[in-house]
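Chains as they are written, first to last, in our numbering: chain A, 2 to 356; chain B, 2 to 356.
Here it is, written out as structure tokens:
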């Protein structure tokens, strides 16, 4: 289905609406309006120039309906993951207007008694993108995928692993490849319109979920599969999800995404690792299952001046002897062209298991 | 509560009842009867000498009731994880006799309509030990536990990580320590009467579940906490669960449990790692969060002659310069005394996070 999104982000669009920004910048579906009374009457680019979008900002669901949306997207993922109570009326209004509700919240709106019965009465649907489907155990079928698989990994959460994956897909497609982005978290899923929130899958099946995503992308005809990574390999809470993607996607190459300003894993005292340490620990782990090298370092230099950014990129390059760049700040084409020859299909250890 | 178990394992007790054998050998609760018509009239030791138990084997729930059980334990975890259909009548009979039902099956008996309403009518309970409780994210509170934490890791699934943990706890207690076993899988949970099946927890929370288990053991006054490991660090499907225990338990030391006869990860083509590779990959990973050394190698030499077993133990010792032994075949006291001085409290990287 082709969606036309109204994005609900009252009073939060400018500062706290990562999902909204991602969908506007990278989404495959159209955005027809943003709902935020604080900026009503403006365009998205008036508030956030880098999004370079003339989508109108309106004050209410009623006004958004004038732009003929098919779907209401909850535009933020607030701490705690619940729907802010004062947003309930807007969701109810959208359901009554027969809009599909798309939510990346931890709170599952589809089991909310009021919303569920209203959606049934209106004949519309609620898509909770974090709710994973049932998936099989990892089977090894991903080893038979012909297209090379690239996975982004990083020095922490929220450093840009999804963004780098999206930019690399765009650069690869611009160079003539049939590259495909594989979403593994809620914002990526809303952007791409499919995917599995791998961190919500039962631990035994997390690698299997990652495998299913790669198989789907391969089935859709991709000749390069770029998977959005999650967490960090030394993250005290989320490392298991990082590893599930490393085993389940059966990657042929990794791109290391780092925010060089991070000193510690977010919310923990664990120090972030340096470039060479990160390369060593990821490659050593994959050496035991299916070897895959780090082929480039994508830096998130948002917090740095341009001079500082260029110096950090040079430092990463010198230290690792790998291509390095900031694919958002300086564009992805050059970085992609430097790494593309290194993204080649690699076999797993051992022969393929025949069940 | 103190349980008195009747164990249901019709036609399977001898060959396919890992949970039954574990509970008879290591359980803190009493076993009063095994239900298996194939061996009815015999004692457990007549069928499995190594269990050294005179628990009677009977043919039916009705006969088991003569031994005054409080609970019926489903004694196997068959492939697929469902309750064999011809066992339903026995479960229903036990419920009607007001027995608690304890099950480690994947299939959740507590949501079976017939069993649930029967249990309610009889005023008894169904304990599905695989059903995890809601747990918080990993917090780092495990770093403040005073007792050293020992985690068993291994070269594959089903090599003896639980058994080694149980034997080490027994040896430590015999030497005067207040050691406590921490169960992380269904058999361990039934044996200990508490625990969380960490592989059934949502991936984001798996490390948090492991942490809660360690905190519970510490709260109960343990001065040595020995955690049952799961999977293997290079297991294509289960490595994320292995890593969740490595981060979430915040171990101070590891014991490496290996079946030297394994060549490949069970059901996969991935080769198992050698002793030195296993030590290197586990220690390298923990070096990035909270360093913990491998302090000994516990071999499962069941498939070897005694001469072969002693040679393999010597080889492991020579190759790694670590204590090595088979704690089931040759007893755990000597091995425990060799490793105990190496199990010392170690700090995490970075200062403790204050939220």
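Note that the Cβ used here is the ideal one computed from N, Cα and C, for glycine as well.
Asked                                                                                                                                   : Found
Proximity of residue 314 of chain B and residue 327 of chain B at Cβ, strictly below 8 Å                                                : yes
Proximal residues to residue 77 of chain B (C-beta, below 8 Å), its chain only, five neighbours per side dropped                        : 10, 13, 17, 18, 19, 20 and 21
Helix, strand or coil at residue 356 of chain B [DSSP, three-state]                                                                     : The pLDDT assigned to residue 356 of chain B is 43, lower than 50, so where the model puts this residue is not dependable; a value taken from the coordinates is nonetheless given after this. Looking at residue 356 of chain B - three-state DSSP - the assignment turns out to be coil, as it is neither helix nor strand.
Bridge partner(s) assigned by DSSP for residue 182 of chain B                                                                           : B/227
Interface flag, residue 265 of chain A vs chain B, CB-CB below 8 Å                                                                      : yes
Proximity test, Cβ basis, 8 Å: residue 239 of chain A and chain B                                                                       : yes
Residues of its chain near residue 271 of chain A, where Cβ-Cβ distance is below 8 Å and the 5 sequence neighbours each way are ignored : 235, 236, 237 and 265
8 Å contact criterion, which residue 344 of chain B and residue 253 of chain B should meet: CB distance rounded                         : 6 Å
Per DSSP, cross-strand counterpart(s) of residue 32 of chain B                                                                          : B/6
Cross-strand partners of residue 261 of chain A (DSSP beta bridge)                                                                      : BP columns for residue 261 of chain A are empty, so no partner.
Residue from B/70, B/45 and B/146 with nearest C-alpha to residue 347 of chain B                                                        : B/146
Minimum length 3: unbroken beta strand (DSSP E) runs contained in the segment 283–343 of chain B                                        : 295–300
Exposed unless 16 or more other CB atoms sit within 10 angstroms - verdict on residue 162 of chain A                                    : buried
Secondary structure of residue 61 of chain A, DSSP reduced to three states                                                              : coil
Cross-chain neighbours of residue 305 of chain B in chain A, by beta carbon under 8 Å                                                   : What residue 305 of chain B touches in chain A: nothing, since even the nearest Cβ is about 24 Å away.
Burial state of residue 308 of chain A (16 or more Cβ within 10 Å)                                                                      : exposed
Reduced DSSP category for residue 151 of chain B - H, G, I as helix; E, B as strand; rest coil                                          : strand
Selected residue, minimal CA-CA separation from residue 32 of chain A, among A/276, A/322 and A/24                                      : A/24
Beta-carbon proximity of residue 62 of chain B to residue 102 of chain B, cut-off 8 Å                                                   : no
CB contact below 8 Å: residue 269 of chain B versus chain A                                                                             : yes
8 Å contact criterion, which residue 256 of chain B and residue 296 of chain B should meet: CB distance rounded                         : 6 Å
Contact set between residue 141 of chain A and chain B, taken where Cβ atoms lie within less than 8 Å                                   : 237, 269 and 270
Contacting residues, own chain, Cβ-Cβ under 6 Å from residue 28 of chain B (five flanking each side not counted)                        : 192
Residues, ordered as in the chain, of the segment 179–201 of chain A that lie near chain B by beta-carbon distance below 8 Å            : 199, 200 and 201
Whole-angstrom distance between residue 139 of chain B and residue 355 of chain B, CA atom to CA atom                                   : Its pLDDT being 47, under 50, residue 355 of chain B is placed unreliably by the model, and the measurement read from it follows with that caveat. Roughly 13 Å separates the two Cα atoms.
is_contact[residue 205 of chain B, chain A] using C-beta, thresh 8 Å                                                                    : yes
Contacts that residue 274 of chain B makes with chain A (C-beta to C-beta distance below 9 Å)                                           : 289
Short CB-CB distance (under 8 Å) between residue 138 of chain A and chain B                                                             : yes
Residue range of the unbroken alpha helix (DSSP H) whose run includes residue 214 of chain B                                            : 207–220
Separation of residue 333 of chain A from residue 3 of chain A, as counted between CA atoms                                             : 27 Å
DSSP bridge partner residues for residue 88 of chain A (one or two, in chain order)                                                     : None; residue 88 of chain A has no bridge partner.
One or two residues paired with residue 254 of chain B in a DSSP bridge                                                                 : B/151
Boundaries of the beta strand (DSSP E) in which residue 127 of chain B is found, first to last residue                                  : 127–129
Stretch-stretch touch, CB-based, cutoff 8 Å, three pairs: the segment 44–57 of chain A with the segment 79–88 of chain A                : no
Cβ shell of residue 224 of chain A (< 6 Å), same chain only, five flanking positions each side left out                                 : 148, 178 and 179
Minimum Cβ-Cβ distance from residue 285 of chain B to chain A less than 8 Å                                                             : yes
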